[in-house]
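Participant:
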Amino acid sequence: MVLRRPNVAMAELEYLPQLSPSLQALCVTLYLAVGVVAFTRSFQMRPRLLTRQKVFQYLVTTFCCMRSLSLLTTPVAVRDVLNRTALCLFFSLMLFQVFFWFDVVNPSSSARSKRVWHSFLYINIILYTVVGMLELDLLLVTKAPTDAASYWSDMLPVLLVALGSLLLSIGLLFSICKMRMRVQRLMNEHDASLSTRSIARVHRALCYLNCIFAASSCLFLLRAVLYLQHPWAHKECGSIQDPNWCLGVGYVLPELIPCCFFVLVMWDVDPNLWRSRMSTGETTPLLGKSIGYTSGFGKDLRWHRPSPLLALTTPTTEPYLRARAVTPHTSPANVSVQPTPPGLLDALWLSFQCFQLKHGGADVHASLVILHMLQDGVDDIELGRTELAHTTDPSFHVMIKVPLDAAHLLRIRVYSVRNWNTLADLSSQNLVGDAMLRPLEIGQCQLYRLSSSFRGDMCVSNTGLLVVRCEAAATMDTAACITRGFLMDKVLVEEELVESPWTYEIPYQMLQLIQADLVQKANWMAQVLQANRTSLLHMPSDDDGDDPPTSTHSLLTEMIYQLQGNARKRTNRKWRGRMLEDMEAYIGVVQDALDAYGHPDKFGLSFKPSTKKADAELRFVALNMHVQLLTLGAAVPMASPLVASIDEEKEAEWHDDVKVPSPTALDGIFAGHQLMGTTTVGAFAAHVYGFGQGGIRQLREDLERLRERSLKATDWSDNTTQALQRDMYALEWHIDQRLDVAFTQAVSALVPCFQHTLFAHLHTSAPGLPPAAYLARLQTAGFLFNVESLLSTVGSEAGMLGDMDAAVKALAYVQIRLRCVPDAASAAFAVAISTCPQGLVVELPIIMSNNYTLAPSMHRVPGQDLASGAVYCPVPLPGSNPRGLVIKVVPVLFTQGMNELQTVANTVRKSQLQHAINQESANVLQAYLTAVYAPADVLAVWEEAKHEIFTTKDEKCMAILEKTSWVVRQVGGGRVTCCKSAKDRTAMSVTLEQAKVMGGDVPMWTQLLRTYGVRRENARKNIGTAQYCFSSWQNYLLPPAYKCPPGTGGGSRAHS
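Numbered per the UniProt record's numbering, the sequence shown finishes at 1056, counting up by one with no gaps.
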């Protein structure tokens, strides 16, 4: 059934009545007068700023002009369009007033204010869209009229006007209730800043505003009733037929009078209402600190703790009002299993060489040696294997470690490779021959005739000769120390991978500093809440004698100021409460971490594996941190040559054993040693917080943008300024938490890096800077701490890089203080962390003694105490202070992504982050090289590196890392290499650097180190399998020098 309207003549259905000339002139004059007043008022406000009051004045001016045109226009079609446009503008104007007073106490930058004005925009968009569609429908109806179409095109505008008037009436009534509730809340809080006179003025302003709202609401309600009375009899005024009365009742009263009211109201509102009365340089009382962020350390140091060595007991911290008390602990026991000290060496390094290998009568061109330990006469454990050699008479570079107590239970087997893809399955290879290994002494070599089978003591088949030589003593692998050996011509090469003895000790001491700072902040915040401070924006009271006259502050302005101040005070109180709750929760986290790190045996871990990178309990512990030491030294010369040529007919002349070299020759093992240490660790990053907003560097950029906005506070209200400051402090609080995590990890890496670098320079036999000169350089120029990053610049790794950048830069506020001790027992404190006015102080013992040859050592070459990690110093310290040496830290971070993500980043030009970091670090390194008067050859390489740093764009330039690392080592700096987990990309970088030091065939040594060195064992420690986490296509996208060898990739990417 189609709804039809009554049969009414079209002449009676005019949208806007035609007035008499005199009344028309009067109405037009009134509308234009109101428009001119509003337009003039807009020029009295702040220029070049589009404020809410200006928007209102512009809306009033536009509406008055549009309504005047609609009254003066004669053509019906144009008149109808102008009328509907004026109705829409009037609805927007009144809706603006409703939203304005609803949002008057909210900061313009707050989420609530944004939601309010977004709603205003959406409502207007919907309104103008519907009206535009109706106008289009009217044109279609005019061309092809139908009863239903004409009915809806005539009725809907009337219904929209009526509905809009009804909504405006309800909105104004709601505003009355809302303003009364706000004023009542202000009165109920008994604000001390409110005088009796101020309270009376607020009530008068509320009464004045409510009267205007109520009158306007009644007029809108009247209009709605008139429109809905007989909409099909006359569209505009129901049953009122007289045009003059229709215009007066349906237009002038509900439009012009509210416009005049609200123009007067907005005239009374101070144009500077949303201008901040606070100085931009003022210290805000929100957190008791100035606007902006600090570098984290230095003059604005947040942590204060004297050296624990100055007191016998652990210093107590200030008791917190609501948090748990700090439980003092002794230093955490190190659960790491340390390597066996010299004198208790329990293993031997064996090297192998084969001659005349044959299988099936043919020469063998690809072979390897595998050593098995026998139990009950059955092969049970594979102790190791050499590399795959491609020659008929192979001399293997990879040495195998055998335990002393099992030397008589070892079987040596030589295999000819038949299938390259199944080297793990020995049944798929050809067994050339085997032999039982007899006991060996250091420097002794034995010759074995390989046989494929035995019948009693008689050899049935001669398949080749095997020479086994005992090169040096060694230690069996433990959880904390893994070693691998290689033979390079007449040079022995030993890789050591040692866990840090300070894995839990440094985070434990750092957390004590962090907790002391948190307790101080939380106590202050709790006192602020308990004191119930007065409003941040103080309105003058009668007692002050400074109450301004009414002409200066109108009633409405004073009421709004009071309501804004009250809202701001309540918001700040709630915000402080939330911040206090967050601090309490974080103090609890720190306390739990202190409890755990004080007794680290609860974790069952001597280091933090890559699978625990986001573990909440271990957040402050450095990820997969190890010290990798490469030792190169001379091998023991043989007492006599083996056999120049081997003739099977002279078997009777064979002697299995060659004489052991003299004791003097044995002393030459690893003689002339060269030491090269590198600390490998996962990125200094707060994985536990995620990287959705980036890292600290990116967050500080956001904070800087907020700070720049806060500098414009003179153009905004105090509410907006305070909201910005709350956002700034919330962001800074998040940055502080991230920095606590990342910086603690960075300090944890700094200490072992410094100690092994100091050890290498004081105890190397290689030519270079003498120990006394090196110590003098540390005193004058500081310790150059170079961090090499392999992180990409997209995704979560960009956030990790942002965290690491901030943590490394914060190390510039760290001092290393070497405390002289006479012996290893006095170095038991290992490390002590405290603060000073300049920043953080890390005190380390240095043992002033030459008597360390037989002392328990962390490494093969003695000189670093096993228990404390303290370095023995064979020369006096420079300077006049006999108690120790103060060394500043000069940190630099050079980064270059190398994985598939960096390929994507370079393609989409997202590598600016690493360019900026490298250029900042280049300036620091340049100053250090100038300070130490670097040699000409070092400066030449540095100039090449610097050119690549400042010119390379969107490509993988690994030469930046290779050259900067070499330069840092040449001037005595410490080296740290890291990626996300310090397991895969780190392994590729460290092995390449070691291979270059070893010299010769660099690709061959790189492949040997990556296949048979300690890095695959590091992967096994982390993920349970000795495989790098590179798939075939990921390995393909790596730079050529950083690809993993065949058969070593394929580890789970979930653990990378």
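Don't be surprised by glycine CBs; every beta carbon is placed ideally from N, CA and C.
What would DSSP say about R449, mapped onto helix, strand or coil?
Facilitator: For this step, residue 449 is matched to residue 449 along the sequence shown. In the structure shown, R449 sits in a strand (DSSP, three-state: E or B).
Participant: Is DSSP giving V924 helix, strand or coil here?
Facilitator: To locate residue 924, count along the sequence shown from 1; it is residue 924. Helix at V924.
Participant: Please state the DSSP three-state secondary structure of M728.
Facilitator: Along the sequence shown, one-based indexing puts residue 728 at 728. Three-state DSSP puts M728 in a helix.
Participant: Spatial neighbours of M988 within its chain, please: CB distance less than 6 Å, with the 5 preceding and 5 following residues excluded, ordered by chain position.
Facilitator: To locate residue 988, count along the sequence shown from 1; it is residue 988. Counting only Cβ-Cβ distances below 6 Å, and skipping sequence neighbours, we find Y1042.
Participant: Can you tell me whether DSSP reads S279 as helix, strand or coil?
Facilitator: Position 279 of the sequence shown holds residue 279. Here the model assigns S279 a pLDDT of 38, short of 50, so the residue's position is not dependable and the matter cannot be decided.
Participant: Does N188 pass the burial test, meaning 16 or more other C-beta atoms within 10 Å, or should it be called exposed?
Facilitator: Counted from its first residue, the sequence shown places residue 188 at position 188. Answer is exposed; the Cβ neighbour count stays below 16.
Participant: Please give me, in chain order, every unbroken run of the beta strand (DSSP E) with length at least 3 that falls completely inside the segment 354-379.
Facilitator: If we require 3 residues or more, the beta strand (DSSP E) runs fully inside the segment 354-379 come out as 367-375.
Participant: Apply the 10 Å Cβ neighbour rule to S868 and answer buried if 16 or more other Cβ atoms are within range, or exposed otherwise.
Facilitator: For the purposes of this step, residue 868 is identified with residue 868 of the sequence shown, where counting begins at 1. Classification of S868: buried, given that the 10 Å Cβ count is 16 or more.
Participant: Using 10 angstroms around the beta-carbon of V183, count the other beta-carbons present and answer buried if the total reaches 16, otherwise exposed.
Facilitator: Looking up residue 183 in the sequence shown gives position 183. With 16 or more Cβ atoms within 10 Å of its Cβ, V183 is classed as buried.
Participant: Is the segment 582-597 touching the segment 812-828, taking contact as three or more C-beta pairs under 8 Å?
Facilitator: Judged by Cβ distances under 8 Å, the segment 582-597 makes no contact with the segment 812-828, as fewer than three pairs qualify.
Participant: For the segment 601-635, which segments carrying the beta strand (DSSP E) assignment without a break, of at least 3 residues, lie completely within its bounds, in sequence order?
Facilitator: Complete beta strand (DSSP E) runs here, min 3: 626-634.
Participant: Just verifying my parser: in three-state terms, what is the DSSP assignment at residue 1057?
Facilitator: Beyond the ends of the chain as shown, which are 1 and 1056, falls residue 1057; an answer cannot be given.
Participant: Does DSSP put K983 in a helix, in a strand, or in coil?
Facilitator: Residue mapping note: residue 983 aligns to position 983 of the sequence shown, counting from 1. Coil.
Participant: Take the Cβ of T40 as the centre, count every other Cβ of all protein chains shown within 10 Å, and call the residue buried at 16 or more, exposed below.
Facilitator: For the purposes of this step, residue 40 is identified with residue 40 of the sequence shown, where counting begins at 1. T40 should be labelled exposed.
Participant: State the start and end residues of the unbroken alpha helix (DSSP H) segment that holds G1049.
Facilitator: For the purposes of this step, residue 1049 is identified with residue 1049 of the sequence shown, where counting begins at 1. Unbroken run through G1049: none, as it is neither H nor E.
Participant: Short check: CB of G863 to CB of H734, under 7 Å?
Facilitator: Mapped onto the sequence shown, residue 863 falls at position 863. Mapped onto the sequence shown, residue 734 falls at position 734. Cβ atoms of G863 and H734: not closer than 7 Å.
Participant: Mind checking which residues open and close the beta strand (DSSP E) that includes K1043?
Facilitator: What you label residue 1043 is simply residue 1043 of the sequence shown in a count that begins at 1. Element bounds for K1043: n/a, residue is neither H nor E.
Participant: Just how far apart, CA to CA, sit V265 and F43?
Facilitator: Here residue 265 refers to the residue found at position 265 when the sequence shown is read from its first residue. Here residue 43 refers to the residue found at position 43 when the sequence shown is read from its first residue. Each residue's Cα considered, the two are about 17 Å apart.
Participant: Tell me whether H673 sits in a helix, a strand or coil according to DSSP, three-state version.
Facilitator: Stepping through the sequence shown from its first residue, residue 673 is reached at position 673. Three-state DSSP puts H673 in a strand.
Participant: In whole angstroms, give me the CA-to-CA distance for S110 and F620.
Facilitator: Your numbering for residue 110 matches position 110 in the sequence shown. Your numbering for residue 620 matches position 620 in the sequence shown. Roughly 34 Å between the two C-alpha positions.
Participant: Just checking my contact of L492 with G633 at CB under 8 Å: how many whole Å lie between their CB atoms?
Facilitator: Working through the sequence shown from its first residue, we reach residue 492 at position 492. Working through the sequence shown from its first residue, we reach residue 633 at position 633. The Cβ separation is near 5 Å, so the contact holds.
Participant: Taking the alpha helix (DSSP H) that P258 falls in, what are its first and last residues?
Facilitator: The residue labelled residue 258 in the question sits at position 258 within the sequence shown. Segment 257-268, the alpha helix (DSSP H) holding P258.
Participant: What are the boundary residues of the alpha helix (DSSP H) that V971 is part of?
Facilitator: The sequence position of residue 971 within the sequence shown is 971, counting from 1. First-last for V971: undefined, no H or E at that position.
Participant: Output the distance between the C-alpha atoms of R709 and Y813, rounded to the nearest integer angstrom.
Facilitator: Looking up residue 709 in the sequence shown gives position 709. Looking up residue 813 in the sequence shown gives position 813. R709 and Y813: Cα-Cα distance of roughly 29 Å.
Participant: Closest to V871 by C-alpha separation, out of L374, I846, L172, would be which residue?
Facilitator: As a position in the sequence shown, residue 871 is number 871, starting the count at 1. If we check each option's Cα against that of V871, I846 comes out closest.
Participant: Please classify L388: does DSSP put it in a helix, a strand, or coil?
Facilitator: As a working mapping, residue 388 is identified with position 388 in the sequence shown. Residue state, collapsed to three classes: coil.
Participant: My guess is that R738 and Y689 are in contact by the Cβ rule of under 8 Å, so how many angstroms apart are they, rounded?
Facilitator: Working through the sequence shown from its first residue, we reach residue 738 at position 738. Working through the sequence shown from its first residue, we reach residue 689 at position 689. With a Cβ gap of about 6 Å, R738 and Y689 count as contacting.
Participant: What do you reckon, are the CB atoms on D595 and I696 nearer than 7 Å?
Facilitator: Along the sequence shown, read from residue 1 onward, the residue named residue 595 stands at position 595. Along the sequence shown, read from residue 1 onward, the residue named residue 696 stands at position 696. Their beta carbons are not under 7 Å apart, which means D595 does not touch I696 by this criterion.
Participant: With distances taken Cα to Cα, identify the nearest neighbour of L466 among T478, S451, R700, A474.
Facilitator: Position 466 of the sequence shown, counted from the start, is the residue given in the question as residue 466. Ranking the options by Cα distance to L466, first place goes to S451.
Participant: Can the beta-carbon of residue 1058 be found less than 7 Å from the beta-carbon of V794?
Facilitator: Shown here, the chain extends from 1 to 1056; a query on residue 1058 therefore has no answer.
Participant: Please say whether A959 and E948 have beta carbons closer to each other than 7 Å?
Facilitator: Taking the sequence shown and counting its residues from 1, the one referred to as residue 948 is at position 948. Taking the sequence shown and counting its residues from 1, the one referred to as residue 959 is at position 959. Yes, they are a contact pair.
Participant: Helix, strand or coil: how does DSSP classify V432 here?
Facilitator: Walking along the sequence shown from the start, residue 432 turns up at place 432. Of the three classes helix, strand and coil, the one that applies to V432 here is strand, per DSSP.
Participant: Below 8 Å on the Cβ atoms is my contact criterion, and I expect F754 with F783 to pass it. Report the Cβ-Cβ distance as a whole number of Å.
Facilitator: To locate residue 754, count along the sequence shown from 1; it is residue 754. To locate residue 783, count along the sequence shown from 1; it is residue 783. The Cβ separation is near 6 Å, so the contact holds.
Participant: Rounded to the nearest angstrom, how far is the Cβ of T391 from that of H359, given a contact under 8 Å?
Facilitator: For this step, residue 391 is matched to residue 391 along the sequence shown. For this step, residue 359 is matched to residue 359 along the sequence shown. Actually they are not in contact, since the Cβ atoms of T391 and H359 sit about 15 Å apart, beyond 8 Å.
Participant: For M676, collect the residues of the same chain with a Cβ closer than 6 Å to its Cβ; drop the 5 residues on either side in sequence, then sort them by chain order.
Facilitator: Sequence index remark: in the sequence shown, residue 676 carries index 676 (1-based). Excluding sequence neighbours, M676 sits near L630, V997.
Participant: Out of G464, E499, S216, point me to the one whose CA is closest to A480's CA.
Facilitator: Counting from 1 along the sequence shown, the entry for residue 480 is found at position 480. Closest by alpha carbon: E499.
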